[in-house]
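The block underneath contains the structure these notes are about, expressed in structure tokens.
Residue numbers (the numbering used here), protein chains in the order written: chain A, 11 to 604; chain B, 6 to 350.
In structure tokens form, the structure reads like this:
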């Protein structure tokens with residue numbers, strides 16, 4: 011019965027939404043809802059871009075304009091079908107967005123919004139000055155849309171199309187966020203280093219979400235042009251671009267439905283303000299922007315997640331949020347990579363060097379790992395152990411020296427390429443997405459073993475592969491003893507379990523070499539023993555491990571060999587017994603006697 | 006185009022470029038110290054120009070009332086915050102009163118002096134005195150509660166502040182534009198060049214301000230504190246430099262520079278309540294040329310933007326703005342190829 015109840019309200023709401031134009035409601039309501047649907051489509055793109063991806067754009071109105079003008083020119087001056095206009099709008103907008111993204115997204119996050127401001131202004135001035143586009147007057151007399159031979163000239167007739175497109179788009183974005191590419195996109199906001207180390211090209215996904223947001227805007231512009239039957243530059247200016255962002259932020263950039271809440275609130279409030287303020291102030295003008303600006307700042311200060319979380323609390327009674335259905339029990343296991351033969355040289359580090367200005371953090375360090383070994387990297391704080399990790403995994407570029415993995419020179423490769431070759435790692439300071447569940451965080455590790463792209467995810471054609479990825483994620487969580495916490499938010503875990511979760515995530519990528527940076531820190535004694543047992547089991551399965559750890563009991567009992575570093579230099583290499591007997595190591599840790 | 010037209014365009018570009026340079030410097034200053042991309046910079050330009058215009062006509066400008074309201078709001082917020090933090094009443098009241106004293110005094114002075122038709126120079130000083138305190142007050146209201154937020158959130162806040170200030174500009178000054186009389190009616194001819202007195206003033210004032218800024222950053226303790234905050238906020242805080250004070254100071258400087266720029270250009274062009282945005286944004290383009298980091302780079306970029314604008318207004322006047330704002334794209338491409346790095350917020 012739970013299923014019925016959870017679907018009842020949305021189904022009723024949906025039925026009411028689409029039956030509305032058939033009911034005797036005032037024309038004004040329909041017009042308002044048409045605008046809300048079109049606005050929501052644009053701010054949906056901003057939810058994806060700003061709330062999920064941590065990027066933003068003030069130029070969405072310009073993309074709306076590109077969509078609108080494309081169909082306007084084609085349907086009036088060339089008498090082509092508006093549906094071709096939609097396609098042309100997508101091509102033009104997608105191309106423009108792609109170019110802007112390529113120009114700005116390799117730099118710090120704030121260059122994209124700055125470029126979108128400049129771009130929105132120049133596009134708007136171009137629209138207003140080009141003869142072809144009718145200058146300030148724009149283009150008049152656009153044809154009405156035709157669908158299956160029915161004219162959508164009337165506001166009530168096009169209502170269904172607008173809301174159909176808006177809701178389908180919302181569902182598609184929701185599908186995308188719950189998928190292999192979606193987990194990568196959700197890691198863009200604050201998890202770039204981690205995602206790259208899991209084999210994700212974060213640049214690629216930044217470009218993808220920017221283009222997707224632009225395409226949503228273009229679609230809205232196409233609808234807008236055929237609802238208005240005329241286009242001119244004014245609704246596509248920077249002011250409207252900022253207002254779209256207002257909708258997304260006020261509605262709630264963290265959820266797809268926030269876009270709809272924001273669009274609704276904006277449209278209703280703006281209408282009221284446009285009547286109220288000029289009457290109050292006794293003259294005409296865009297006074298509503300004063301209030302909109304103040305509300306935007308106040309929302310960011312006091313409710314950065316927008317209105318949607320409040321609406322969700324109210325709806326919770328009738329529309330309880332459901333946990334993830336466990337549908338992967340019967341999924342096929344993922345294929346595994348061929349493991350190297352025990353004893354075969356796996357990793358060869360030669361004279362590896364890193365300088366930060368005058369400071370030599372890693373000074374010509376060399377060592378090797380053979381397949382099936384567990385090697386410990388130890389040394390006092392500041393010895394350069396974590397930097398060495400970062401150099402081997404490509405998180406930091408080396409200043410000199412080389413790293414070979416399975417015979418291939420991987421020095422200079424970005425971390426995602428090294429991850430794809432079978433090196434997986436954890437971080438000294440846990441890097442995870444606190445807002446994702448433990449299971450989703452771990453599934454991000456299996457990114458390199460999946461293939462479904464953005465389009466398949468949008469259309470939800472990726473379910474079979476998703477089940478395989480989740481099956482693997484659950485398997486690794488079980489192995490590390492965390493199956494019980496799979497559905498908790500990662501941010502709610504204590505530090506020890508967070509570290510274990512990182513190990514499960516690394517294991518999900520089916521590595522040949524596992525690099526663990528202080529895996530036992532924050533674990534209790536029993537948990538440490540269990541972790542050591544898991545690592546021994548992995549070793550028996552052919553996995554090699556390089557670990558940095560300060561707990562000497564843990565290290566000495568587990569490792570085959572130790573590499574000791576001090577002040578960036580390799581001090582000594584040997585078995586745990588040799589290292590324990592070494593006077594240099596004692597001196598490094600405890601100081602020399604004088 | 007002959008030499009005389011070229012030289013006119015050159016001079017025009019240089020004097021506009023000088024203004025953009027001031028605005029670009031303010032943008033870089035605010036960004037490096039507070040991480041705020043200060044979009045509302047341009048609104049101070051319009052406030053400066055139009056406040057002076059109101060004073061010229063012997064009216065009390067709306068910005069005086071605005072300054073009073075901002076002061077009142079900040080005092081209320083500080084009282085509320087102090088009361089919630091359990092601060093004792095007497096020192097709290099004294100602290101809030103001390104903070105409000107200067108803007109209150111300036112508002113009172115402006116209220117009294119506005120209808121007096123003072124000499125131009127005094128009116129300019131009065132204008133600067135009205136607009137400059139708005140910077141730190143706005144910092145307190147909009148940015149300070151979010152000082153640790155990401156660059157992205159601060160940028161969206163900036164856009165909100167820009168929206169509100171533009172709308173308020175319309176309330177204060179109406180939709181009509183204003184143009185102020187020239188500060189200096191003399192003009193000079195230098196070969197084919199005709200140099201208006203106002204151009205000389207703009208160039209000299211900009212140069213003087215740039216030198217002053219340089220002295221401030223190199224020679225004064227406050228300047229060094231700002232530089233320290235720009236390099237490392239936490240480190241500066243540990244050395245006893247309050248990042249709040251640094252933020253307020255940098256916004257005061259930004260408001261001062263904005264108002265001064267507005268006063269300087271107001272005799273050369275008609276300024277409307279929303280003109281500041283485009284002017285400020287050109288300073289912005291110049292700052293982006295310099296990667297929002299280098300002062301000399303920003304000044305150089307500003308001169309380039311000024312020249313690009315004046316020459317494109319000759320060849321394709323309708324597309325002047327398109328050319329200026331599109332020029333940011335090749336610059337971004339160049340920067341991204343030269344220095345590709347994406348940082349974690």
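Built from N, CA and C at the ideal position, the CB exists for glycine as well.
Please classify residue i as buried or exposed, where buried requires at least 16 neighbouring CB atoms within 10 angstroms.
{"i": "residue 508 of chain A", "result": "buried"}
{"i": "residue 436 of chain B", "result": "Absent from the model: residue 436 of chain B. The displayed extent of chain B is 6 to 350, so no value can be given."}
{"i": "residue 53 of chain A", "result": "buried"}
{"i": "residue 594 of chain A", "result": "exposed"}
{"i": "residue 242 of chain A", "result": "buried"}
{"i": "residue 11 of chain A", "result": "Unreliable placement is indicated for residue 11 of chain A, whose pLDDT of 43 sits below 50; no coordinate value is reported for it."}
{"i": "residue 237 of chain B", "result": "exposed"}
{"i": "residue 21 of chain A", "result": "exposed"}
{"i": "residue 599 of chain A", "result": "exposed"}
{"i": "residue 482 of chain A", "result": "buried"}
Closer than 8 Å, CB to CB, is residue i near chain A or not?
{"i": "residue 331 of chain B", "result": "yes"}
{"i": "residue 314 of chain B", "result": "no"}
{"i": "residue 323 of chain B", "result": "yes"}
{"i": "residue 306 of chain B", "result": "no"}
{"i": "residue 111 of chain B", "result": "no"}
{"i": "residue 276 of chain B", "result": "no"}
{"i": "residue 309 of chain B", "result": "no"}
{"i": "residue 175 of chain B", "result": "yes"}
{"i": "residue 147 of chain B", "result": "yes"}
{"i": "residue 327 of chain B", "result": "yes"}
{"i": "residue 21 of chain B", "result": "no"}
{"i": "residue 38 of chain B", "result": "no"}
Cβ closer than 7 Å: which chain A residues qualify as neighbours of residue i?
{"i": "residue 150 of chain B", "result": "311"}
{"i": "residue 171 of chain B", "result": "299"}
{"i": "residue 74 of chain B", "result": "The premise fails here: residue 74 of chain B is roughly 12 Å from chain A at the closest Cβ pair, so nothing lies under 7 Å."}
{"i": "residue 230 of chain B", "result": "The contacting residues do not exist; residue 230 of chain B stays about 24 Å from chain A at best."}
Using a C-beta to C-beta distance shorter than 9 Å, which residues of chain A count as neighbours of residue i?
{"i": "residue 42 of chain B", "result": "120, 123 and 124"}
Bridge partners for residue i per DSSP, in chain order?
{"i": "residue 435 of chain A", "result": "A:525"}
{"i": "residue 554 of chain A", "result": "A:523"}
{"i": "residue 63 of chain B", "result": "For residue 63 of chain B, which the question treats as bridged, DSSP gives no partner whatsoever."}
{"i": "residue 363 of chain A", "result": "A:410"}
{"i": "residue 418 of chain A", "result": "A:415"}
With 8 Å as the threshold, decide whether the Cβ of residue i is near any Cβ in chain B.
{"i": "residue 116 of chain A", "result": "yes"}
{"i": "residue 568 of chain A", "result": "no"}
{"i": "residue 530 of chain A", "result": "no"}
{"i": "residue 608 of chain A", "result": "The structure shown has nothing for residue 608 of chain A, since chain A only spans 11 to 604."}
{"i": "residue 185 of chain A", "result": "no"}
For a contact defined as C-beta to C-beta under 9 Å, what are the partners of residue i on chain B?
{"i": "residue 218 of chain A", "result": "The premise fails here: residue 218 of chain A is roughly 15 Å from chain B at the closest Cβ pair, so nothing lies under 9 Å."}
{"i": "residue 302 of chain A", "result": "165, 168, 169 and 172"}
{"i": "residue 399 of chain A", "result": "Under the 9 Å cutoff, chain B gives no residues; its nearest Cβ is about 17 Å from residue 399 of chain A."}
Output, in chain order, the set of chain B residues within a Cβ distance shorter than 8 Å of residue i.
{"i": "residue 68 of chain A", "result": "164"}
{"i": "residue 128 of chain A", "result": "286, 290, 330, 331, 333 and 334"}
Listing by chain order, which chain B residues have their CB less than 7 Å from the CB of residue i?
{"i": "residue 113 of chain A", "result": "334, 337, 338 and 341"}
{"i": "residue 25 of chain A", "result": "Correct list: empty, because the minimum Cβ distance to chain B is about 37 Å."}
{"i": "residue 44 of chain A", "result": "The premise fails here: residue 44 of chain A is roughly 25 Å from chain B at the closest Cβ pair, so nothing lies under 7 Å."}
{"i": "residue 252 of chain A", "result": "164 and 168"}
Determine the contact status of residue i and residue j, defining contact as a CB-CB distance below 8 Å.
{"i": "residue 273 of chain A", "j": "residue 88 of chain A", "result": "no"}
{"i": "residue 255 of chain B", "j": "residue 24 of chain B", "result": "no"}
{"i": "residue 106 of chain A", "j": "residue 76 of chain A", "result": "yes"}
{"i": "residue 81 of chain A", "j": "residue 207 of chain A", "result": "no"}
{"i": "residue 363 of chain A", "j": "residue 412 of chain A", "result": "no"}
{"i": "residue 183 of chain A", "j": "residue 108 of chain A", "result": "no"}
{"i": "residue 197 of chain A", "j": "residue 443 of chain A", "result": "yes"}
{"i": "residue 552 of chain A", "j": "residue 381 of chain A", "result": "yes"}
Run down chain A in chain order and give the residues with a C-beta less than 8 Å from the C-beta of residue i.
{"i": "residue 48 of chain B", "result": "Simply none; closest approach about 11 Å."}
{"i": "residue 284 of chain B", "result": "Near residue 284 of chain B there are no residues of chain A at all, since even the closest Cβ is about 13 Å away, more than 8 Å."}
{"i": "residue 157 of chain B", "result": "60, 64, 65, 66, 119, 120 and 123"}
{"i": "residue 160 of chain B", "result": "66, 120 and 123"}
For residue i and chain E, any beta-carbon pair shorter than 8 Å?
{"i": "residue 268 of chain B", "result": "Considering every chain present, this structure includes no chain E. Its protein chains are A and B."}
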